[in-house]
């Protein structure tokens, strides 16, 4: 007996002396580390000892593998596969059509209630035994149900009496990769593109599958793998076999591959004299190209198009409309069940009076003129992914057209990959905005999920923050933004707090006090960034070339690419007058919102300089002048960023060492850059306000000339 | 008792069901996984139970941490730190000066015998106890000794009766990173640069320390972190603080940081009207710059310079010589103990009759005119890192100047990161070449290590193959080339076979039969690549722009950048006539080598087309014609590459799954690209030879037009 114990102890030794695991972030929220809580471990071990998957398909096999590896990882026990109702702690997972028996376990479930992607997870009793059932009408629903169960376990939620019914609110839940074929990533801050085009199709990186798993775990079902500033080369046979190889990896995880279509491709790579969408030869070229793609990738999603915007070619080059262009492409993919996503982010070569108005002006007249398989993808706000914008006025304004949301997960204007800015509150703020499209009530989310206007084709896109960095997103907390996007695309009614909690518990800690501290930091972080960058509705005042640091003084080049165009600071005051007597952008909103935004007394203060040019002495709700309020907001942002850093230092030795060290360094950078933003902006705006900084505002570290003289080279992501 | 056992078994469970570890390659050859062999585990556990480090310094602390984590990892037991001679299995490590007692343990060791970097590892008895001593005159020697001991354990070599004495053969053992400040890497095939300039100095990636550890483990003591095609920006204060941050990470591992110096920096960033090295203002600017650097980095190594070559600025722009330029810079760093490494890889803006002759012609006349702290860095061959070249004729030809070897670890001309080509045989072939510089005998290695001409400043550089890829080098076997370079820089007399054995045992397997199989493949792989790319002395026949695929037809642009300049194929025959009646490059070699190379009957056949233009019907030693021999060599290369792939498939399930899958895919790519090389080259050369392929040569898959029409985009590493 003693020998046995000794042998056992020798085997145990490595566990005891293994240093605190250094978590490099690769596993994201899918760690499946063994459960330490003994009671919970016992509960899971008892409930999930064996598995039975009914039916067979690549997606069900992926679900099977994930379920088994997840449970084995967390319980530390071998999971038995069974093919009949025996053993203890059985999980039965499958589609209703694969097993009539499954339906009998859920007698109250009506046909059609889950759809292909929704699922039911239920603890039931059958033959005197307790079972856990995961069921759906579709294979993907089973896969999503498996990930849901694993999420519950990862969060240490009770699993012994489950009753879950889920169904996604949108049909297309896509990542948009702004990845170029040379592996650079536009606005990417996490290394280079994860797509290794040179080595495809011969080399399939293990990363591709892990990417697919991560996305499937949060319900993402499509990925646009190329930049909207598109390269026609990806449509050539040389590249399409590479795209096919990626699609083959994604398919078992329910993820369709999409491509961006360069509108001038027929002329560029097709040898045609034109790319005019109404030219039959052009339409035929696209039809043949679609057929070529679908022959390789039968479940190809379709095309995402940025046309006639920022120099990209489009139908307007040939005197045609966006609808002409979109419909021609839609006709090409329609026979194969594909769709076209057409971006509303356009701007003219002629500088408009107010760029914020342009998408609305161009697209509202086209409402109703798009084919059924066209969606219009609209950025959350009318300018460009600023720290804060009002929701885009197109939401609610095109009742006959499916509008798809475009959020930006990558932090182009939010500190790139070095600032902790949890974006769920930004997404939530937009989705929860009342559009007044049918009187008070309909929120942006109701436009997106199709409920307001009865669209069946619905969707949400997020511009990915994923790159070749080991931890995928550069900043550990960038993972939370990817996670939040997926969860909100699935269910826009989720709260930021619940998403933060899920992510923290799966990624960092399940210790309630720490979870609470980190959650508070995350939930406040977006407002802090708004404060130290662009408080009170300021926007687009970053440096030239990169969008990382401050540059409120930028006044060269195309006016609507400058900062002065947007902040309009002068000795009288600051802000962009978008009222009825200004650019009248307010009138793009439904009443009474147009009147609310139009009135400086009613307009929310967090957007006031978006809509109003106000005097420096304008009295704010706080009783302070606009100038003092602005100064104190900037200061608050800095102080908050410093507080995050200080809070994080208290976690040393309490959380994983590598996670700690990584974030610790980044929070210090963030605090220092927050101060840079404050100092540069306040010193610059002071040249107009001619007012002193109010009490409580720390003296800038340098003078304005210093900040204006800073030059940076090779800033990532451009 | 039963309870204890049950508890123990629960703890053991995870070990039992853990799947085969997926080795992502990050840990390189420093895995320190637990020893499975019970007898060896017992030996190590008994011999290495406690540790005593005498002395204290950052380098000794690094040695301490490595020793403890390595032993604990491999034995699975806690290592005790002791401060006196007690406990069992004691390792005592330190410098002689830190502990007189250490010297008494090694009574026969003469002062000065190890130097600062050498070391002694000895099993001794003291006070009736068996100890292991690691001792050196310098801290770095202790660190290297620690890594040596860990290497022995990792290889499962006997450790119970050690008697090791090591001392490096060269003083500077450097990596050269051709890394740009935008994180692109010239001729880099493993992702982007590991130096994240944008985030430095605020963010110190854990990779930097692991990079330093890996290099220290093989004796590399310096790293040139910037591209020889240099950017003056790195010399500005904004970047120097970033360089300092890296130097601070490297220092505890005995690694000095070096920079490349852009010769025109005084004019570009210094505001001077000229960068003429004989202008006192220029010399003063460099002196001040050196002082600025050394104030931040007291152990800064110095500058590596590529001047007047491929468009880089240099002293010749001002009518000065390479010696004028090098000596001026050497004067700037000399007060701080720095050195200047000046590259001999130069070529003129005027196309020479034979580019292979140029470095010799330019540098031999300068012998003796360089300052004492200048080294001339010479590529292994006279053209440019081809699959096979003769050794560079400068070796041996500059007796009054220290010549430093420049090997290329990154596989610019050897399949980039997808071909398994073990480079130790290439390095060894060069180092072992008889220069005849003092009659028969003196090898290139004797020039490099200073023994031939009595230089004390000696060195070897390797152009790094390291990038941001998780496994550092893209191809798993690229790690072996990094490893081999370091080992040969330390000790040029090591054999390729012994290096391969070390690397395989630490990286892949200690199973003798598999080790043997992999070793055979590695040792033969370079000759296979020569065969399928450039057999019989052919060289520089790759495609334009990238150096990855075949392009023997390239004839546009600067003549000495074309392929036809080098292979000179015509209906009469093929090869570059470098005989006395040709370009006379043979005369740059010492007699009788010049005559050997000059005579087609004596010239080694593996270099014959380097030195001779021979008729297609020329009779080879095999009895075959040159044409037939060339065809069969190409075919042999392809067949060998296919055999490597087939061999590797037999390792499925036998070695780590991720290592297996990774290399399996790459070997298939290699075999397919080998065929592409063969088919393209043979079809092209056949247009001159007008001869059929001999029996045994497989029919090309496509016609020549197909191969000539291939276009590739965004090939990495350019």
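Residue numbers (my numbering), protein chains in the order written: chain A, 11 to 728; chain B, 11 to 728. Cβ coordinates follow ideal geometry from the N, Cα and C atoms, glycine included.
- Residue range 469-473 is occupied by the beta strand (DSSP E) that includes residue 471 (chain A).
- Taking the CA atoms as reference points, residue 69 (chain B) sits about 19 angstroms from residue 306 (chain B).
- Judged by beta-carbon spacing, residue 116 (chain A) lies beyond the 9 angstroms limit of residue 152 (chain A), meaning their Cβ atoms are not closer than that value.
- Taking the beta carbon of residue 668 (chain A) as reference, the chain B residues within 7 angstroms of it are 216, listed in sequence order.
- When secondary structure is reduced to three states using DSSP, residue 365 (chain A) falls in the helix class.
- Annotated as proximal: residue 53 (chain A) and residue 168 (chain A), with beta-carbon spacing under 9 angstroms.
- Chain B has a Cβ within less than 9 angstroms of the Cβ of residue 32 (chain A).
- Within its own chain, the residues whose Cβ lies closer than 6 angstroms to the Cβ of residue 86 (chain B), once the five positions on either side in sequence are excluded, are 44, listed in chain order.
- Residues 685, 689 of the same chain have their beta carbon placed closer than 8 angstroms to that of residue 711 (chain A), with the five preceding and five following residues left out of the count.
- As the crow flies, the alpha-carbon of residue 308 (chain B) is around 23 angstroms from that of residue 292 (chain B).
- The region 498-513 of chain A makes contact with the region 223-241 of chain A: 3 or more CB pairs, one atom from each, lie closer than 8 angstroms.
- Non-local C-beta neighbours of residue 608 (chain A) in its own chain, meaning closer than 6 angstroms and more than five positions away in sequence, comprise 589, 590, 596, ordered along the chain.
- Residue environment analysis places residue 706 (chain B) among the exposed positions, since fewer than 16 neighbouring C-beta atoms fall within 10 angstroms of its C-beta.
- Your pair residue 202 (chain A) and residue 193 (chain A) checks out as a contact, with CB atoms roughly 4 angstroms apart and the cut at 8 angstroms.
- When 8 angstroms is used as the limit between beta carbons, residue 421 (chain A) is near no residue of chain B, the shortest such separation being about 14 angstroms.
- If you check the CB distance, residue 523 (chain B) and residue 506 (chain B) do not come in under 9 angstroms.
- Per DSSP, the beta-bridge partners of residue 140 (chain A) are A:135.
- When secondary structure is reduced to three states using DSSP, residue 414 (chain A) falls in the strand class.
- Using a Cβ distance threshold of 9 angstroms, residue 315 (chain B) and residue 388 (chain B) do not count as a contacting pair.
- Of all alpha-carbon atoms in A:403, A:270, A:236, the one lying nearest the alpha-carbon of residue 373 (chain A) is that of A:403.
- In this chain, the beta strand (DSSP E) harbouring residue 315 (chain A) covers 312-315.
- Proximity of the region 573-588 of chain A to the region 616-625 of chain A meets the contact definition, three or more beta-carbon pairs being nearer than 8 angstroms.
- Excluding sequence positions up to five before and after residue 613 (chain B), its CB lies within less than 7 angstroms of the CB of 606, 607, 621, 622, all in the same chain and listed in chain order.
- Judged by DSSP in its simplified three-state form, residue 630 (chain A) adopts coil rather than helix or strand.
- Between the alpha carbons of residue 443 (chain A) and residue 212 (chain A) lies a distance of about 47 angstroms.
- Residue 199 (chain A) counts as buried, since at least 16 other C-beta atoms from the protein chains shown sit within 10 angstroms of its C-beta.
- Pairwise C-beta distances place the region 463-482 of chain B out of contact with the region 113-130 of chain B, as fewer than three of them are shorter than 8 angstroms.
- In this chain, residue 212 (chain B) is not harboured by any beta strand (DSSP E), its DSSP state being neither H nor E.
- DSSP places residue 182 (chain B) in the strand class (E or B) of the three-state scheme.
- Residue nearest to residue 433 (chain A) within the set A:408, A:462, A:467, A:395 is A:395 (criterion: CA-CA distance).
- By a beta-carbon distance limit of 8 angstroms, residue 575 (chain A) does not contact residue 191 (chain B). Their separation comes to about 32 angstroms.
- Within the same chain, 638, 641, 642 come within 7 angstroms of residue 704 (chain B) by CB-CB distance, once the 5 residues on both sides are set aside.
- The three-state reading of DSSP puts residue 188 (chain B) in coil, since its state is none of H, G, I, E or B.
- Assignment of residue 384 (chain B) by DSSP, reduced to helix, strand and coil, places it in the strand class.
- For residue 174 (chain B), none of the residues of chain A pass the 7 angstroms Cβ criterion, the least Cβ distance being about 28 angstroms.
- Annotation note: the region 511-538 of chain A contains no uninterrupted beta strand (DSSP E) run of length 3 or greater.
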